[in-house]
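Asker: Using this note's numbering, read the sequence shown as starting at 103 and increasing by one per residue. For every residue, glycine included, the Cβ atom is placed at its ideal position computed from N, Cα and C.
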Amino acid sequence: MATANRFGKKILGFSVTPLTSRRYANFRANRRAYWSFWLFLVMFLVALPAEFIANDRPLLVRFEGAYYFPIVVSYPETAFGGSFETEAKYDDPYVVDLIEQGGWMVMPIIPYSYDTHISNLPSPAPSPPSAQNWLGTDDQARDVVARLLYGFRISVLFGLILTVISSIVGVSAGAVQGYFGGWLDLIFQRFLEIWSSLPSLYIIIIVSAVLVPGFWTLLAIMLLFSWTSLVGLVRAEFFRARNFDYVRAAEALGLSNRKIMFRHVLPNAMVATLTFLPFITAGALTVLTSLDLIGFGLPLGSPSLGEMLRQAKANMHAPWLNFTAFFAIAAMLSLLIFIGEGVRDAFDPRKQVTGGSA
């Protein structure tokens, strides 16, 4: 009987509480947010195995009765009857002919990786869209679809990782401030005021120019400034909740401060915190794209949406580069904003389930 009272419905096969069911209903009632979530999820899941969709290596090779998997293992040209001990180039007509004489190979849907230099273009790079290159090529003769696929994946992964880590740091700092208060809160607030007033973008540019650029290096640099976004909200929630009766009762029962903070108070504070996460992710993606655009982001040649913007800026005579970069970034950020609006409505206690919103 207790289980029936606690878990009222099932959502996607999982038993949930009536409160969670109401929040899910509010989120689903916002049709724009609901479909944006599923569209963004499909786009991310498609981009996640990018190596199996866009690659200049075959997925599978059968040669003289044996099977080879170049997508995960590097094979020398001699493995297929060639003359060189170096890795086989599967876009080389000579290697292709060797394999076809002794078997067959299965190429990905897009037979180019993000850094593949295409040598047999019908026109000088950047070349317009064609049956061979669906969105054309950039000025380095690289396939735009392949770079878009890899760039979308690395941008989303960067934003999600930064959001998770910065949220953990920011929530922990805000929880300590709000729960203990006093001199600790006063000193921490003065530190946050000074830290938040620093020109973070300029500092990121300066540090990126000094250090060797890389995914994790850039992530660590941006983490120095992104964690402060949730501190104020969590601090206010802990300030409000620390005087509630259930917190006083827990203290009287002898529970440690850590258990009270993270087991009893934090779940209430996370309700307001979760509504900000999609917006933090969108902000992280915007900063990464901006840094890549001005050349202080990921290493040169890395697939990124900012680098696509830089290609579009340098090749105004190639409109396919401009349209691809603009619509990719606009769609990604718009979907995240719509999802954030839906999450905000879902956790709003005043929001009632309606017929839906546009």
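What three-state label does DSSP hand Leu237 in the structure shown?
Answerer: The answer is coil: DSSP assigns Leu237 none of H, G, I, E or B.
Asker: Express the C-alpha separation of Ala135 and Gly444 in angstroms, rounding to a whole number.
Answerer: Rounded to the nearest angstrom, the two C-alpha atoms are 5 Å apart.
Asker: Leaving aside the five residues before and after Ala384 along the sequence, list all residues of the same chain whose C-beta is less than 8 Å from its C-beta, in chain order.
Answerer: The answer, listed in chain order, is Gly261, Leu435, Leu438, Ile439, Gly442.
Asker: Are the region 322-337 and the region 398-407 touching, with three or more C-beta to C-beta distances below 8 Å?
Answerer: Output reads no: the region 398-407 does not touch the region 322-337.
Asker: Determine the closest residue to Glu166 out of Ser221, Gly205, Pro401, with distance taken between C-alpha atoms.
Answerer: Here the closest residue by C-alpha is Gly205.
Asker: If you reduce the DSSP assignment to three classes, tell me which class Leu325 lands in.
Answerer: DSSP places Leu325 in helix when its eight states are reduced to three.
Asker: When you compare the CB positions of Phe341 and Gly280, do they come within less than 7 Å of one another, or not?
Answerer: Contact flag set, yes.
Asker: Please list the segments of the beta strand (DSSP E) lying wholly inside the region 334-358, counting only runs of 3 or more residues, in order along the chain.
Answerer: Those beta strand (DSSP E) runs which fall completely within the region 334-358 and span 3+ residues do not exist here.
Asker: Is Tyr192 helix, strand or coil by DSSP?
Answerer: Here Tyr192 sits in coil by DSSP.
Asker: Between the region 425-435 and the region 244-258, can you find at least three pairs of beta-carbon atoms closer than 8 Å?
Answerer: Contact holds: three or more Cβ-Cβ distances are below 8 Å.
Asker: Tell me which same chain residues have a C-beta within less than 8 Å of the C-beta of Ala104, skipping the five on either side of it?
Answerer: Legend: pLDDT at Ala104 = 41, less than 50; position of this residue unreliable, value from coordinates given subsequently. Taken in chain order, the list of residues that qualify is empty.
Asker: Who pairs with Phe165 in a beta bridge, going by DSSP?
Answerer: Looking at the DSSP assignment, Phe165 forms a beta bridge with Ala168, Gly205.
Asker: Determine the contact status of Leu332 and Gly397, defining contact as a CB-CB distance below 7 Å.
Answerer: No.
Asker: Check Asp217 in the structure and name its three-state DSSP category.
Answerer: Coil.
Asker: What do you get for Ala351, buried or exposed, if any count of 16 or more other CB atoms within 10 angstroms of its CB means buried?
Answerer: Flag for Ala351 reads exposed.
Asker: Please report the straight-line C-alpha distance between Asp194 and Leu402, rounded to a whole angstrom.
Answerer: Using only the alpha carbons, I get a separation of about 26 Å.
Asker: Over what stretch of residues does the alpha helix (DSSP H) that includes Ser394 continue unbroken?
Answerer: Correcting the residue identity first, residue 394 is Asp in this sequence and not Ser. First-last of the alpha helix (DSSP H) with Asp394: 379-396.
Asker: Which residues mark the beginning and the end of the alpha helix (DSSP H) in which Leu435 is found?
Answerer: Taken as a continuous stretch (DSSP letters only), the alpha helix (DSSP H) holding Leu435 covers 421-448.
Asker: Please state the DSSP three-state secondary structure of Asn132.
Answerer: Strand at Asn132.
Asker: For a quick check, are the C-beta atoms of Ala343 and Val367 less than 7 Å apart?
Answerer: Contact flag set, yes.
Asker: Compute the Euclidean distance between the alpha carbons of Tyr177 and Phe171, then round it to the nearest angstrom.
Answerer: Using only the alpha carbons, I get a separation of about 9 Å.
Asker: Just to check my reading of the structure: Thr377 and Phe449 have Cβ atoms closer than 8 Å, yes? What is that Cβ distance to the nearest angstrom?
Answerer: With 8 Å as the limit, Thr377 and Phe449 qualify as a contact, their Cβ atoms being about 5 Å apart.
Asker: My assumption, with CB atoms under 8 Å, is that Ser215 sits in contact with Ala149. Please give the rounded CB distance.
Answerer: Wrong, their Cβ atoms sit about 14 Å apart, outside the cutoff.
Asker: Just the C-alpha distance for Gly284 and Leu300, rounded to the nearest angstrom, thanks.
Answerer: Distance between the alpha carbons of Gly284 and Leu300: 25 Å.
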